Each structure stands twice: as structure tokens, then as C-alpha cells.
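One structure below.
Protein chains in written order, with the working numbering: chain E, 458 to 640; chain Z, 570 to 753.
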């Protein structure tokens with residue numbers, strides 16, 4: 458059996474892998490928006506086994522999973538949420554993506570329901586980004602364990618100091634930046 | 570990126586005053602680089618009264634989310650024109666009868682708090698010299714504002730369209746927001 462046949466049998470797409478490798482080594486982290494008044498594309502989207510709602514705008518391109526981690530039955534600390542996501546090769550929102558979710562909360566919730574998923578609940582959802590103050594201006598800024606989070610019903614963004622306590626809900630996200638580079 | 574197409578840029582008013590133009594997503598507005606009354610703080614109710622007295626508008630919660638997205642760029646441009654960096658500032662959007670939305674810049678947060686809290690205030694303006702001739706319709710099929718595209722008054726740009734995205738604060742004599750219409 459040739460190498461090509463082995464790869465084909467394994468359902469391995471070498472062209473995609475090459476494109477991904479080039480992207481990873483390009484130093485480019487995301488496509489920047491070059492237009493203004495750019496409205497978002499929000500659509501139900503299927504990517505492999507990952508079903509969800511795709512949001513494309515301002516250089517971001519990501520799919521929001523249909524359900525919270527553990528179906529929303531459990532709350533997670535930031536650390537536990539990150540570990541659990543990593544086990545499943547997933548991530549969650551960065552700060553900018555969470556702001557976009559807040560901006561388009563109604564539209565995204567509608568699409569999540571349309572796709573058979575669950576709207577965001579009235580809970581705080583962790584992002585994958587830590588809050589690092591540029592200047593320490595208040596006692597809260599001295600906590601070493603802050604992370605950004607957003608409220609799924611109110612559409613607002615804040616940070617929370619107790620990263621080790623099971624306080625957050627978590628919604629899996631798949632980033633599709635790299636998809637733009639794969640022909 | 571061309572200055573004209575940047576989401577955050579300097580915009581010169583007809584009177585020569587420099588504003589910060591924020592043009593992204595479905596928002597396009599001018600942020601005053603200076604706080605109102607040299608950074609005086611107001612409770613939310615007093616802040617809304619002050620805006621009304623001055624015939625000005627403040628930014629909405631949705632606009633605050635845009636400001637949070639670009640807070641570094643906005644502060645940089647504010648510094649360039651000699652303005653006041655973003656601080657703890659009221660939006661014009663209410664949350665509950667006793668709570669309203671505010672923006673805190675150095676942390677880049679958007680949250681709500683009791684209306685009695687003293688925060689600063691900043692005016693926003695519509696971009697007045699780029700009124701398109703294109704016709705837009707709102708969800709009621711009416712001819713809509715070319716900027717917010719929700720309210721039915723095509724000249725609301727001249728009266729402060731920024732209030733109408735949420736329809737929670739209605740200036741007398743101006744057109745009504747699409748959510749207000751649903752209530753009516």
C-alpha cells in the first residue's frame with residue numbers, strides 16, 4: 458500500500474494539513490477587518506461533527522456550540538472549564554468574540570434555538586481570556602485570578618475575581634479563522 | 570488601512586471641532602473627545618436631564634459594547650486630539666427602573682448599576698454630512714432612518730438617532746424608536 462493510499466484510507470486531507478501548517482507558521486493570527494459598517498453574518502452552520510451558529514464579522518469567524526458544557530447542569534471554575542474544553546479539543550470565546558455575542562445576543566439566541574440548541578441562560582459565561590489590568594487602580598486589580606466573562610441574558614461583559622470557584626457556565630466554540638486559508 | 574475606512578478615526582465637524590468617529594458593525598456615530606462639564610459626575614437621572622438641557626445625546630448600551638471592543642484605539646485617538654480618556658461613563662440605556670448601563674474604560678467593561686451612582690457623561694453625535702439618498706425600510710415597511718434603519722423618521726439623524734436603538738429614552742419632538750412603536 459502506498460503512502461497516499463494509507464493517507465486516503467485514514468481520511469487524511471494532506472492539502473488541508475499543508476494549508477494549516479502554512480497558516481500556523483505565517484505569524485498571522487486572524488484576518489483583520491478592512492471595511493467599516495460591517496454587519497455580521499450569523500447563520501446555522503455545520504462543520505464536521507460540530508453543529509452550531511457561525512458568526513463572521515470584524516475579523517472573527519467562529520461557531521458557537523448549541524449547548525453549554527455539561528448541558529448547563531454544572532458550573533465551572535475558569536480552570537476546570539479550560540481543562541474540560543481542552544479534553545474535547547475545543548475552546549470558548551475570547552473577549553472580542555464575547556463582545557460580539559453581547560452585541561448580537563438576540564439574533565444569536567434565535568439562531569441557536571432554530572438549530573435545535575439552547576439560548577444563553579441568565580448566567581455568567583467564562584471566556585478563555587484572563588483579565589490583566591494595565592494599571593492597578595483598585596483592590597480588585599490586585600487579584601491574580603481574574604478572567605473576562607459575559608452574562609448570557611443581560612449581554613454585558615465584566616470580569617470575575619474567583620477563577621478557582623465553580624461560578625461560570627461555559628459554551629464551546631470552534632474557531633474558523635484557519636478555514637479562510639484552506640483552499 | 571485607509572483613514573476613511575478605519576473603524577475608529579478622527580472626524581472634523583463643520584465648525585472645525587474634532588470628534589472621534591466610530592463606524593463598525595451597524596453603528597456609525599461621533600464620540601465627543603471631551604467629557605460633558607469637564608468630567609463632572611452625575612446620577613443617571615441627572616445625567617439624562619443634563620443631556621436634555623444641552624440638546625445632546627449620550628451613547629447607548631450597544632454603542633458601549635462597540636466602544637469596549639475598540640477601547641484602546643479610541644483612547645489613542647482621544648489622546649491625539651487632546652480629549653479626556655474614557656472613564657466610568659453612563660449610557661442612556663436603562664436596565665431596570667433603578668438601574669442603568671454604564672461603561673468603564675480602563676477595564677473595558679459594560680455593566681449595569683444603580684442610577685444613583687455618580688458617573689461621567691459624554692456626548693455623541695450623528696454623522697450629518699453623509700446622509701445617503703438610498704431608501705431604507707424598517708421592520709414595519711416604513712421609510713426608515715438611513716443610519717439606525719429602525720425608526721421611521723428619515724431625518725432623525727439631525728435629531729439624535731442614537732436614542733432610538735433601544736427606544737428607552739425618547740426626546741420630546743423627535744421621532745420614535747421601533748421598540749417604542751411596538752409598545753404603542
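C-beta atoms are modelled at their ideal positions from N, C-alpha and C, and glycine is treated no differently.
Keep in mind that this is a model prediction, so the values were computed, not measured.
Distance CB(residue i)-CB(residue j) smaller than 9 angstroms
i, j, result
"residue 630 of chain E", "residue 550 of chain E", "yes"
"residue 688 of chain Z", "residue 616 of chain Z", "yes"
"residue 627 of chain Z", "residue 691 of chain Z", "yes"
"residue 609 of chain E", "residue 576 of chain E", "yes"
"residue 552 of chain E", "residue 584 of chain E", "yes"
"residue 655 of chain Z", "residue 643 of chain Z", "yes"
"residue 665 of chain Z", "residue 593 of chain Z", "no"
"residue 569 of chain E", "residue 509 of chain E", "yes"
"residue 559 of chain E", "residue 577 of chain Z", "no"
Residue i to residue j span [Cα, whole Å]
i, j, result
"residue 749 of chain Z", "residue 469 of chain E", "In this predicted model, residue 749 of chain Z has a pLDDT of only 29, less than 50, meaning its place in the structure is not dependable enough to derive any value."
"residue 618 of chain Z", "residue 611 of chain Z", "10 angstroms"
"residue 580 of chain Z", "residue 554 of chain E", "27 angstroms"
"residue 460 of chain E", "residue 544 of chain E", "30 angstroms"
"residue 683 of chain Z", "residue 541 of chain E", "36 angstroms"
"residue 602 of chain E", "residue 587 of chain E", "8 angstroms"
"residue 534 of chain Z", "residue 574 of chain E", "What the structure shows of chain Z is the stretch from 570 to 753, and residue 534 of chain Z is not part of that stretch, so it cannot be assessed."
"residue 536 of chain E", "residue 590 of chain E", "19 angstroms"
"residue 526 of chain E", "residue 581 of chain E", "13 angstroms"
"residue 567 of chain E", "residue 626 of chain E", "19 angstroms"
"residue 661 of chain Z", "residue 631 of chain Z", "10 angstroms"
"residue 596 of chain Z", "residue 507 of chain E", "31 angstroms"
"residue 616 of chain E", "residue 663 of chain Z", "21 angstroms"
"residue 725 of chain Z", "residue 649 of chain Z", "Unreliable placement is indicated for residue 725 of chain Z, whose pLDDT of 48 sits below 50; no coordinate value is reported for it."
"residue 613 of chain Z", "residue 585 of chain Z", "30 angstroms"
"residue 645 of chain Z", "residue 530 of chain E", "43 angstroms"
"residue 657 of chain Z", "residue 522 of chain E", "34 angstroms"
"residue 534 of chain E", "residue 599 of chain Z", "39 angstroms"
"residue 647 of chain Z", "residue 590 of chain Z", "11 angstroms"
"residue 686 of chain Z", "residue 548 of chain E", "37 angstroms"
"residue 641 of chain Z", "residue 674 of chain Z", "9 angstroms"
"residue 670 of chain Z", "residue 603 of chain Z", "20 angstroms"
Buried/exposed call for residue i, threshold 16 Cβ in 10 Å
i, result
"residue 498 of chain E", "exposed"
"residue 608 of chain Z", "exposed"
"residue 588 of chain Z", "buried"
"residue 474 of chain E", "exposed"
"residue 614 of chain E", "buried"
"residue 695 of chain Z", "buried"
"residue 583 of chain Z", "exposed"
"residue 681 of chain Z", "buried"
"residue 628 of chain E", "buried"
"residue 751 of chain Z", "With a pLDDT of 28 at residue 751 of chain Z, under the threshold of 50, the modelled position of this residue cannot be trusted; read the value that follows with caution. Exposed: under 16 other Cβ atoms inside 10 Å."
"residue 575 of chain Z", "buried"
"residue 463 of chain E", "exposed"
"residue 518 of chain E", "buried"
"residue 465 of chain E", "exposed"
"residue 467 of chain E", "exposed"
"residue 652 of chain Z", "buried"
"residue 504 of chain E", "exposed"
"residue 672 of chain Z", "buried"
"residue 546 of chain E", "exposed"
"residue 604 of chain E", "buried"
"residue 494 of chain E", "Its pLDDT being 47, under 50, residue 494 of chain E is placed unreliably in this model, and the value from its coordinates should be taken loosely. Exposed, by the Cβ-count rule."
Beta-carbon contacts of residue i that lie in its chain and below 6 angstroms, excluding the five residues immediately before and after
i, result
"residue 511 of chain E", "500, 502, 520"
"residue 601 of chain Z", "691, 692"
"residue 562 of chain E", "612"
"residue 478 of chain E", "none"
"residue 620 of chain Z", "627"
"residue 632 of chain E", "519"
"residue 621 of chain E", "534"
"residue 458 of chain E", "none"
Contacting residues, own chain, Cβ-Cβ under 7 angstroms from residue i (five flanking each side not counted)
i, result
"residue 532 of chain E", "623, 624, 625, 626"
"residue 524 of chain E", "574, 575"
"residue 606 of chain E", "581, 582, 583, 584, 615, 616, 617, 625"
"residue 564 of chain E", "499"
"residue 625 of chain Z", "692"
"residue 539 of chain E", "585"
Residues near residue i in its chain [Cβ-Cβ closer than 8 angstroms; skip 5 each side]
i, result
"residue 623 of chain Z", "605, 692"
"residue 490 of chain E", "Interpretation of residue 490 of chain E is limited by its pLDDT of 38, a score under 50 that renders its predicted location unreliable; the figure taken from the coordinates is listed afterwards. Here the set comprises 514, 515, 516."
"residue 578 of chain E", "525, 529, 609, 610, 626"
Proximity test, residue i beta-carbon vs the ligand SAH heavy atom, cut-off 8 angstroms
i, result
"residue 564 of chain E", "Inclusion of the ligand SAH in the displayed structure is not the case, the ligand content being empty and no account of it being possible."
Contact list for the stretch 614 to 625 of chain E against chain Z, Cβ threshold 9 angstroms: 614, 615, 616
Can you list, in chain order, the residues of the stretch 527 to 546 of chain E whose Cβ is nearer than 7 angstroms to any Cβ on chain Z? none
Relative to chain E, which residues along the stretch 660 to 694 of chain Z have a C-beta separation below 8 angstroms, given in chain order? 664, 670, 675, 676, 677, 678, 679, 680, 681
When you check each C-beta in the stretch 631 to 654 of chain Z against every C-beta of chain E, which residues fall closer than 8 angstroms? 631, 634, 635, 637, 638
Below 7 angstroms between beta carbons is the criterion; list the residues of the stretch 576 to 608 of chain Z that meet it against any residue of chain E, in chain order. 576, 592, 593, 594, 595, 597
Check distances from the C-beta atoms of the stretch 550 to 575 of chain E to those of chain Z and list, in chain order, the residues that come in under 9 angstroms. 552, 553, 556, 557, 559, 560, 561
Against chain Z, which members of the stretch 499 to 521 of chain E pass a CB distance test of less than 8 angstroms? 514, 515
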